[in-house]
DNA sequence: CATAATAATGATAATGGTTATTGTTTCTTA
DNA sequence: TAAGAAACAATAACCATTATCATTATTATG
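Residue numbers (the working numbering), protein chains in the order written: chain A, -15 to 110; chain B, -15 to 110.
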């Protein structure tokens, strides 16, 4: 049943995401990986992004507009600049604290969260 | 320039959202409002949802799948059940605390956030 | 090593949610 | 009550994403 096979394209996508901290879209990833694999198709990029997300090797960030991807899976949050729309990392001292606080007033079982902060990034604030 | 004009359709959309706590999609809203306005078009629903969101009278919640809408704008968070995909309200004791914590380690200016919790709702846990 | 089995690919069509366009209708105000 | 403008219904267009399918690459096996 669906034994995973190695693919150079997938490897390349993963490597690219690990090298980046700007949370590129599928299209940006496509344009980059195409330098190494000129014939790669956008469908292959999407397919592998979905697969890697399912495997927990990358994170998919859903916002307004196209999804963005993060090759760094340690728990952290994100910030979206209202001006330049860049998506930046935010590191909280204790990510699990958020879940604990919410759990106090919520009857279901909370096992995770995703936070998106909004504001003006330091570059745009200048 | 763009003086806002009253519309019964918009009124009805707003009224419906205020009466609900289940964060319906544009399509669900469309199906409901159609009972009152059988000729309303889906485009009108989208147009008014965008307008109301811009005015701050409702909140747009972007997740995987179609956007969902909330007629209650007091600060609160949301919970998405991994099983039944219902979207529920979560009320934190202090919503602004999250911003303050993040601001400690972030150089830009944070002026808001949206949190989406994940887990199993109390109904599905049974 | 050769070959069979099957997962992954590239090319492309299809989908689904959302936005834009256009001609008509409904509000507003003067 | 008539002119001007915003909102409408109908529908086409758009864009991100997913599905299809014939071919190629990777892995398992004899």
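Backbone N, C-alpha and C define an ideal beta-carbon position, used for all residues, glycine too.
Separation of residue j from residue i, as counted between CA atoms
| i | j | result |
| --- | --- | --- |
| residue -15 (chain B) | residue 10 (chain B) | In this predicted model, residue -15 (chain B) has a pLDDT of only 48, less than 50, meaning its place in the structure is not dependable; the value taken from the coordinates is given anyway. Cα to Cα, the separation comes out at about 27 Å. |
| residue 69 (chain B) | residue 77 (chain B) | 25 Å |
| residue 67 (chain A) | residue 103 (chain A) | 8 Å |
| residue 26 (chain A) | residue 14 (chain A) | 6 Å |
| residue 93 (chain A) | residue 74 (chain B) | 12 Å |
| residue -4 (chain A) | residue 19 (chain A) | 10 Å |
| residue 47 (chain A) | residue 79 (chain A) | 20 Å |
| residue 82 (chain B) | residue 84 (chain A) | 12 Å |
| residue 55 (chain B) | residue 5 (chain A) | 35 Å |
| residue 40 (chain B) | residue -2 (chain A) | 39 Å |
| residue 7 (chain B) | residue 64 (chain B) | 11 Å |
| residue 61 (chain B) | residue 91 (chain A) | 14 Å |
| residue -12 (chain B) | residue 57 (chain A) | 46 Å |
| residue 49 (chain A) | residue 109 (chain B) | 33 Å |
DSSP state of residue i mapped onto helix, strand, coil
| i | result |
| --- | --- |
| residue 108 (chain A) | helix |
| residue 47 (chain B) | coil |
| residue 94 (chain A) | strand |
| residue 60 (chain B) | coil |
| residue -8 (chain A) | helix |
| residue 81 (chain B) | helix |
| residue -15 (chain B) | Because the pLDDT at residue -15 (chain B) is just 48, under 50, the model does not fix this residue reliably, and the value given afterwards should be weighed accordingly. DSSP places residue -15 (chain B) in coil when its eight states are reduced to three. |
| residue 39 (chain A) | helix |
| residue 72 (chain B) | strand |
| residue 6 (chain A) | coil |
| residue 0 (chain B) | helix |
| residue 55 (chain B) | coil |
Contacts that residue i makes with chain A (C-beta to C-beta distance below 7 Å)
| i | result |
| --- | --- |
| residue 75 (chain B) | 89 |
Chain-ordered chain A contacts of residue i [CB-CB under 9 Å]
| i | result |
| --- | --- |
| residue 13 (chain B) | Those within 9 Å of residue 13 (chain B) in chain A number zero; the least Cβ separation is about 19 Å. |
| residue 34 (chain B) | Near residue 34 (chain B) there are no residues of chain A at all, since even the closest Cβ is about 11 Å away, more than 9 Å. |
Chain-ordered chain A contacts of residue i [CB-CB under 8 Å]
| i | result |
| --- | --- |
| residue 1 (chain B) | Those within 8 Å of residue 1 (chain B) in chain A number zero; the least Cβ separation is about 19 Å. |
| residue 43 (chain B) | Residues of chain A passing the Cβ test: none, with the nearest at roughly 13 Å. |
Buried or exposed (CB count within 10 angstroms, at least 16 for buried), residue i
| i | result |
| --- | --- |
| residue -6 (chain B) | buried |
| residue 3 (chain B) | exposed |
| residue 97 (chain A) | buried |
| residue 32 (chain B) | buried |
CB-CB length for residue i against residue j, believed under 8 Å
| i | j | result |
| --- | --- | --- |
| residue 1 (chain A) | residue 42 (chain A) | 6 Å |
| residue 86 (chain A) | residue 101 (chain B) | 6 Å |
Chain-ordered neighbours of residue i on chain B, where CB pairs are closer than 8 Å
| i | result |
| --- | --- |
| residue 102 (chain A) | 94, 95, 96, 97 and 98 |
| residue 82 (chain A) | 82 and 99 |
Neighbour list for residue i in chain B, Cβ cutoff strictly below 7 Å
| i | result |
| --- | --- |
| residue 48 (chain A) | 46 |
Amino acids of chain B, ordered along the chain, whose beta-carbon sits closer than 9 Å to that of residue i
| i | result |
| --- | --- |
| residue 86 (chain A) | 61, 63, 74, 75, 76, 99 and 101 |
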